[in-house]
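Working notes for the structure below.
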Amino acid sequence: MSIYKSAINKPVTTILIFVAVIIIGLFSFLKLPIDQFPEMEPPYITVMTTYPGASASEVETNVTKLLENSLNSVDGLKELTSTSKDNMSMVMLEMEWGTNLDEVINDVRSYIDMTKDNLPSGCSSPFIFKFSSSAMPILQYAITADESYPGLDKLLNDDVMPQLNRVDGIGNLSLSGSPERYVYVDINQEKLDAYHIPLEAVGQAVSNNNLNLSSGTVKMEKEQYQLQVRSEYVESSEINNIVVTTTPDGKQVYVRDIAVVRDTIKDLTLDEKTNGRESVRLIVTKQSGANTVQICKDVQAEMAKIQKRLPSDVKIDVIYDSSDYIKNAVYSLEESIMYALIFVVLVVLFFLGKWRATLIIGLTIPISLVVSFIYLLFVDSSLNIISLSSLTVAIGMVVDDAIVVLENISKHIDRGSNPREASIYATNEVWTSVIATTLVIVAVFVPLTMLDGMAGILFKELGWIVTIVVCTSTLVAITLTPMLSSKLLKPHKVHVDENGQIVEEIVKRDWYQKYVVGLLDKVDAWYAKVLHICLNHKAVTLIVVVVIFLASLIPAFMGFIGTDFMQQSDNGRLSVVVELQRGTRVEETLKTARHLETRFEVLAPEIRMINTSAGSNDDANVSAIFSSTTNNKISMTVVCSKKYERERSIDEIAEVLRKELDNYPEIIDYQCTVGGGMRGMVGGSSTVDVEIYGYDFAKTSLLAEKIKRMVSDSIPGARDINVDRDDDRAELKVVVDKEKIARQNLNSALISSYVRNRVNGMPAGYLKEDGDEYNIVVRLQEENRNTLTDIQDLTIPTPMGKQLKLSEVAAVEEYWTPPTIARKNRQRIVRVKITPYKTSLGELATDVQSVMKNIEIPQGVSVRLAGDYEEQQDTFADMGLLMALIVLLVYIVMASQFESFAKPTIIMMSVPFAITGVILSLWITGTSLDMIGALGVIMLVGIVVKNGIVLVDYTNLMRDRGYELNEAIAMSGASRLRPVLMTAFTTILGMLPMALSNSEGSELWKPMGIVVMGGLLVSTLVTLIVVPILYAVMSRHGERDKEKKNRETFIFMQLSDKDKDAK
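Below is the structure:
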């Protein structure tokens, strides 16, 4: 017994099965976390090594190159990049997507172990870590204060962070720019020299008098006591009374005699301000798999409680809340799904005019969609932008099969069959074509799960969800739909007229019969007439459609349609990085930052908050490693009002800020990027990178500046043209005379230690207060260490008790050195990054290539284009191969169904005209083709051939029943026109909200909506004409071949009979 007969015969079982599915689906929905994207593990591993006191060049030579040569042998390595900075080396390994990073880390650790012995003695052990989407910040706060600012670090660590750590799902909390309490012992060099005391003696005295030591145990009567000698400082002022030494005449020298003790905050290295007020940035990450929206909600609620307990001058403001974007994007997609659902139901109601039939088809949608929630829960995924977009894509297709089945059932009922018989017979007629069309969709979407890279992240989940939803809809169409039709659809009433004839009673629906049915009848008649004309003029018709197709290619070949990697999203955030003249002091950098903040707020009233960082972040955390701020750099996060609250787009606001930055001669470079500047993340600014390879920085830097200048002068659509290598900076180099230090029983390590102690300071223990520890640092006062002469006059003690000037054993020289050295695949590299403005990424790359043709490349230097443009090219190449694979799979499915090579070829002829619609829709709307739009093109292969399958399958059925070719084609066209139009319009209108939405996050999926709507509209119209004509042409050709073969066989048999007779 067939599955549809079983469903009809067992209605209770059928209903309860689908009720159970709905209940499980809704339960799964309630359990799903909400996030921006599926949990992802980018295939990057970073090896970080510190080499204190080494310049960037020394780090490159002694650390980075050694690690690169070793790590280059790691299996599955795609690309090897590195950055060498002062004191630190970072080597990043990019693996192929899908690689097991845990196994790679084991390999990396093995290679490092083999290299470790060759690293310099002062090097730290290399540290390995991998990236994860859960390590990205989900919340950032700016905590501002006035009089409470000096104690803000303690306040945050004691009162705020412990409270937040109790929130379920919190991963990590970190602070940036926090005013740490320090105790500085600033020594006067002249007084120190007058007493002939080395600085180290002061440090040791301060440290040795700040101890808690166990001195054994004491037994007294029946008790035993631990003996403790306590000498810790209770207050910082106690340090003043420490005796450093005693002079030969018996005078005691106290710390207060030679130094000033300052209990203050740590010297300014990184300054954070929000809207002009001193601030600290609090960064929140989540645990892997946790619900981002829920965590943000809980943290915000906890912050509201904390705010009430804080001093009145301490304010907490949100810089970045990822849940805002997620909620807006999710709401937008839910809205799109709702509108698509309404449109689909209206289309069905319009064509069928029966509320019962509309209800039956409408039930397919929720049943199919809830199954996707079961899948998401099963694979530990989340309700995110990708999964919801997948449902938006699928919603127009889930009713297709039910429409085909129910429309055929309705026809049989209209012809007089009772609903039960009609449901069985009609489903039997179309179930093979329904299965075939579903297999076509599966053939389109399952290969998407094989993609790698960013395309894999976006499309893998989409491929599985659409496949599962469409397969579920097919199951519903051949079980629940015929079962409900047999119960809910009513046969037409009949009566016997006066002549004894059975006459059908027509239910009165005057307006529907008059307007809708009348319109559809006219469309049927017009289509029949056009099809008849075209069948009589096949050659002319085919020539016309071919000319239309070729003409539609003109906009593409003429360059009217641009290409992008991904559409830029307007999330109301800008990242501005400003570089001032090299050598600018951080205090001057801050003044410029304050002025820019004021000007930005005047020029762009849409700005709600500006968070500014300037200086060097010397914190030992990952955010510090990737920080772009230095003493001469300003980093700004500009937060604007919501998209719907302002008239100007984020791009227009960015352009206003760029024009303002052009007015400052002290600014030598700047970047103003949309979306927070997180390259590679969805919705951010894309770039074309010009990569310049060569060892000689004099050549590569000069070439980079030349490219920057020519691109700026020649390409109107180029913005934020940035050379990623900083200019060489001045450093002081202490060149030790080894013979002189040997005579004084000194060595280079001691000289280095002495210089560091006097300039940066010597750690001398901690001041403990209320369970917290604060660093005590002994150093020279600033007046004794801020000029070249001061450094030359530093006092160096010898083991023999002498005091030498540094200049007596070493030369202090000024020289220029690169602050950072970037390498890629073991070659030095300089990049010129270019962001498109009012042009596509592909057009910008073409313009850059034209400029590059006019630039002479020096010997020993090579140049190539990379960045997001390279990733776009790679992704498009992968999707091109995927397209070819999908076309082949679709052809195989159809050839298997029809047991023919010709009929699938006929149906596949509708695909090129989908491309016609794609090109025209992109051209008319001014939209560039990006990765998401390319996915829409791939989807069209499966969608457009479904209509052809329905037409060809029904034509075959009519011919099997004995109808002549043209009659069978005409009957098939007339019978299948409305189902074809219904399925086309449900998909088109299902995509309409996606194509027209202007809400936050809608930019990402808009190209897909435009592409599918345009391609399906044109291909449907052409399919209704071209497929029947090609069917007629190829069938007649086949019949002639068959007749010829039959004649040849007949003649051969006659000749054989004559030969037998002759014998």
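By our numbering, the letter at position 965 of the sequence shown is numbered 964, and the numbering carries on one by one without gaps.
Backbone N, C-alpha and C define an ideal beta-carbon position, used for all residues, glycine too.
Buried or exposed (CB count within 10 angstroms, at least 16 for buried), residue i
| i | result |
| --- | --- |
| Gln802 | exposed |
| Trp430 | buried |
| His594 | exposed |
| Ser484 | buried |
| Lys221 | exposed |
| Pro51 | exposed |
| Gln566 | buried |
| Tyr338 | buried |
| Leu29 | exposed |
| Asn721 | buried |
| Gly561 | buried |
| Val710 | buried |
| Trp1004 | buried |
| Arg742 | exposed |
| Arg822 | buried |
| Ala913 | buried |
8 Å Cβ cutoff met for residue i and residue j
| i | j | result |
| --- | --- | --- |
| Val404 | Val441 | no |
| Tyr836 | Gly716 | yes |
| Leu573 | Val687 | no |
| Met91 | Val58 | no |
| Ile21 | Ile366 | yes |
| Asp320 | Thr273 | no |
| Pro978 | Val949 | yes |
| Ile937 | Val392 | no |
| Ser214 | Val228 | yes |
| Leu447 | Leu438 | no |
Inter-residue spacing [alpha-carbon to alpha-carbon] between residue i and residue j
| i | j | result |
| --- | --- | --- |
| Leu358 | Ile1028 | 36 Å |
| Asn117 | Ile111 | 10 Å |
| Ser920 | Gly1014 | 8 Å |
| Leu309 | Ala193 | 49 Å |
| Ile955 | Pro418 | The question names Ile, but residue 955 is Asn in the sequence shown. Computed Cα separation, rounded: 25 Å. |
| Asp152 | Glu277 | 12 Å |
| Leu805 | Ala613 | 33 Å |
| Thr13 | Leu368 | 18 Å |
| Ile294 | Ser996 | 28 Å |
| Tyr253 | Asn239 | 7 Å |
| Glu768 | Ala328 | 48 Å |
| Glu95 | Gly75 | 6 Å |
| Asn105 | Asp270 | 39 Å |
| Ala19 | Val539 | 56 Å |
| Val943 | Trp463 | 20 Å |
| Lys9 | Ala356 | 20 Å |
| Asp451 | Val398 | 31 Å |
| Thr363 | Ile905 | 31 Å |
| Ser147 | Ser634 | 25 Å |
| Arg708 | Ile44 | 35 Å |
| Ala623 | Ala933 | Residue placement at Ala623 is poorly supported in this model, since its pLDDT is 48, which falls under 50; the coordinates are not used for a value here. |
| Ser569 | Glu999 | The displayed chain sequence assigns Asp, not Ser, to residue 569. Computed Cα separation, rounded: 6 Å. |
Candidates the options, of which the one nearest residue i by Cα
| i | options | result |
| --- | --- | --- |
| Pro817 | Arg755, Ala729 and Met761 | Ala729 |
| Val839 | Leu702, Asp792, Arg718 and Val949 | Correcting the residue identity first, residue 839 is Ser in this sequence and not Val. Closest by alpha carbon: Arg718. |
| Ser235 | Tyr194, Leu198 and Tyr181 | Tyr181 |
| Phe599 | Leu552, Asp569, Arg657 and Leu589 | Arg657 |
| Glu189 | Ile257, Gln225 and Asn208 | Ile257 |
| Arg165 | Tyr232, Lys9, Met557 and Ala300 | Ala300 |
| Asn383 | Val754, Leu31, Leu702 and Ser175 | Leu31 |
Beta carbon proximity, residue i to chain C, threshold 8 Å
| i | result |
| --- | --- |
| Ile22 | Any reference to chain C falls outside this structure, which holds one protein chain only. |
Taking contact to mean at least 3 C-beta pairs separated by less than 8 Å, is the segment 139 to 152 in contact with the segment 242 to 255? no
Given 8 Å as the limit, is there contact between the segment 658 to 677 and the segment 569 to 580, that is, 3 or more CB pairs closer than that? yes
The segment 528 to 536 / the segment 893 to 906 touching (three or more Cβ pairs under 8 Å): no
Taking one C-beta from the segment 371 to 385 and one from the segment 37 to 45 each time, how about it: are there three or more such pairs within less than 8 Å? yes
For the segment 743 to 762 against the segment 142 to 162, are there 3 or more C-beta pairs whose distance is under 8 Å? no
Between the segment 332 to 347 and the segment 981 to 991, do at least 3 Cβ pairs fall closer than 8 Å? yes
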